[in-house]
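These notes concern the structure reproduced below.
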Amino acid sequence: MSASPATLDALVERIMQRAEGLDDGYHRIGLLISAAEAVTESLELTTRLQRIVAVARELVGAQYGALGVLGPDGGLERFLHSGLSDAQVKQLGTPPTGRGILGAVITDGRSIRLERLSTDARSVGFPAHHPPMNSFLGVPIRVDGTVFGNLYLTEHADGPFDDIDEAIIVALAAMAGTAIANSRLYEQSQEDRRWLAASERLTQRLLAGDVGPDDLEAIAQSVRDLTQAPYVVVVDAIDEGAHEAELALRQQADEAQLGPVLVVPVQGSADRTAGGLAIARGPHGHPFTEADRETVTRFGRSVAIARELAQARIDEQWLALTDERDRIARDLHDHVIQSLFAVGLSLQSVVGDPSSPTGARIATQVDAIDSTIRQIRQAIYRLSTAPSATTYSLRARVNTLVRETLEGETVDSRLEFSGPVDTLLNLGLGDEVTAVMREALSNAVRHAQATLIEASVAVRGAQVIVTVRDDGIGMPETERRSGLANLSARAHERGGTFEIEPATPHGTIVRWSVPWEAR
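Residues are numbered in my numbering as their position in the sequence shown, beginning at 1, plus a constant of 16.
Right, dumping it as structure tokens:
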């Protein structure tokens, strides 16, 4: 764990004791106290790490300093310099990965102090263009009990590093551990705020308009912006869809030499899986952490619930509109037409001589009333017919279809959707799906003698699947061949399949499946 105040006090006391009689003893203690303030000046982690290296060099009079951050594999994933010019760093090329004496500090997890690097058996020498370095001091930095990285200092101004130098850098490393832990908390809070803001923007967009494929692209773009990942896949499906997305990304990762891949399920209300979210970083990208997984999962859940709410509102508006249209049609039929019909009959009864001028005028008005009645009946028919296939969501259309087909029947029903069902409208499959659902439901109502009919429309992987299941007595073989032959023909025309099988413990399952890329 990070050093406690008591531990720091003990280190300072040790330095005080060793510094007694030395002219610069108290000066160095003052520098150490000032260092505690210096390493906490900025909350941004990289800035803070760079400051720690610079302060370490100043405290012990080292010409060169570096801070190596450990990666998940135990090697160095980041290496921050101090004392080298930009030109020197560029000339050295690839940063150290943790071999030789640098690796020894990693492996031992304790301080290493050497008078001359070249004489140590663990040293592997320096690359070309590297400045000469003799004296060496390496000290691990622990954050929350785990080694975060190491401080490396070389070329002491007055010869080799002594035990006071080591004690000072150990004390600084303890302070740095606490400072780094605070920076991590700060950066995580900033990251959470960014994800929350993106979630709020998407929620506002979803609740402001229809749910569709464009929203999936907006979600993917938001995740790309947040993670700076080259590959992001949003799957609006269950089981197979999410699994295929993961396999596709991992295959791309192998072929394109991508880096770490994170795949999380997207769960909406009641923990129902609504799809998946897959992210792949570049070949040198940082591995995903548990905190990353939790953040992405929260984001996905928030967006999934927003999409559910938006879709529910669309369906509710469509159903309300349908009910209003039905009410208007009933009023026109039950009241307006009947009233006009009665007026026409009354006029006909007082016509008298139809050849007289008055009789002719009345007859003309009766004909006009008959024409108006015909026009109203046509309006009623139009009100009873669904609007254009692209006007309302496919979910709402199927919902209305099931309600109207089973209206007046003594049977319970359940309807479920999964995957990007509404995108089928853009692929020209909306009318096909509703026709298949209507025919399958009608056959179940006519022949099953069921008490429960369960219907579903699902987009899974590259397939759209319409399923109708009942708990009835089963369908006679002759009815199977004649009543559902049309469904089989529809499936085969689109390169799909049609299946009828018995349900457990009784009843029938009708399943119609076609590729959703079909036209």
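C-beta: ideal position from N, C-alpha, C; glycine also.
Keep in mind that this is a model prediction, so the values were computed, not measured.
Query                                                                                                            : Result
Sub-8 angstroms separation of residue 448 and residue 527 beta-carbons                                           : no
Simplified DSSP state of residue 146, which is helix, strand or coil                                             : coil
Residue(s) in a DSSP beta bridge with residue 480                                                                : 475, 530
Anticipated Cβ contact below 8 angstroms, residue 199 with residue 155, distance rounded                         : So it is not a contact: roughly 19 angstroms between Cβ atoms.
Residue nearest to residue 467 in terms of C-alpha spacing, selected from 523, 431, 445, 433                     : 523
Cβ-based neighbour list, residue 152, same chain, cut-off 6 angstroms, excluding 5 preceding and 5 following     : 130, 133, 170
CA nearest to the CA of residue 440, picked from 517, 425, 182, 411                                              : 411
Helix, strand or coil at residue 423 [DSSP, three-state]                                                         : coil
Per DSSP, the bridge partner or partners of residue 467                                                          : Answer by DSSP bridge pairing: none, since residue 467 is not bridged.
Buried or exposed (CB count within 10 angstroms, at least 16 for buried), residue 201                            : exposed
Beta-carbon proximity of residue 223 to residue 238, cut-off 8 angstroms                                         : no
Buried/exposed call for residue 124, threshold 16 Cβ in 10 Å                                                     : exposed
Residue 261 to residue 276 span [Cα, whole Å]                                                                    : The pLDDT assigned to residue 261 is 47, lower than 50, so where the model puts this residue is not dependable; a value taken from the coordinates is nonetheless given after this. Residue 261 and residue 276: Cα-Cα distance of roughly 15 angstroms.
Member of 427, 146, 318, 87 whose CA lies at the smallest distance from the CA of residue 109                    : 146
Distance, residue 454 Cα to residue 417 Cα                                                                       : 7 angstroms
Which listed residue (325, 298, 287, 329) has its alpha carbon closest to that of residue 313                    : 287
Simplified DSSP state of residue 509, which is helix, strand or coil                                             : helix
Contained alpha helix (DSSP H) runs [length at least 4] in the stretch 166–230, N- to C-terminal order           : 179–224
Whether residue 478 touches residue 532 by CB criterion (8 angstroms)                                            : yes
The stretch 303–322 in contact with the stretch 96–110 per 3-pair CB rule at 8 angstroms                         : no
Close beta carbons around residue 165, own chain, < 7 angstroms, minus the five adjacent residues each side      : 83, 84, 85, 86, 157
CA nearest to the CA of residue 348, picked from 392, 340, 99                                                    : 392
Local conformation of residue 132 per DSSP, three classes                                                        : coil
Stretch pair the stretch 380–390 + the stretch 356–366: three plus CB contacts closer than 8 angstroms           : yes
Close Cβ partners of residue 285 (< 7 angstroms) along its chain, the five nearest in sequence each way excluded : 321, 324
Burial state of residue 296, where buried means 16 or more other Cβ atoms lie within 10 Å                        : buried
For residue 287, the first and last residue of its enclosing beta strand (DSSP E)                                : Unbroken run through residue 287: none, as it is neither H nor E.
Start-to-end residues for the beta strand (DSSP E) that takes in residue 98                                      : 92–98
Cβ separation of residue 311 and residue 207, assumed to be a contact under 8 angstroms, to the nearest whole Å  : 7 angstroms
Euclidean distance between Cα positions of residue 1 and residue 352                                             : The displayed coordinates of the chain run from 17 to 535. Any statement about residue 1 would go beyond what the structure contains.
Supposed contact pair residue 482 and residue 456 - C-beta distance, whole angstroms, cut 8 angstroms            : 7 angstroms
Cβ of residue 380 within 8 angstroms of any chain D Cβ                                                           : Here there is only one protein chain, and chain D is not present.
Test item: CB-CB of residue 471 and residue 429 under 8 angstroms                                                : yes
Residue 154 - partner residues in DSSP beta bridges                                                              : 128, 168
Endpoints, beta strand (DSSP E) assigned at residue 79                                                           : 78–86
Inter-residue Cα distance where the pair is residue 81 and residue 97                                            : 6 angstroms
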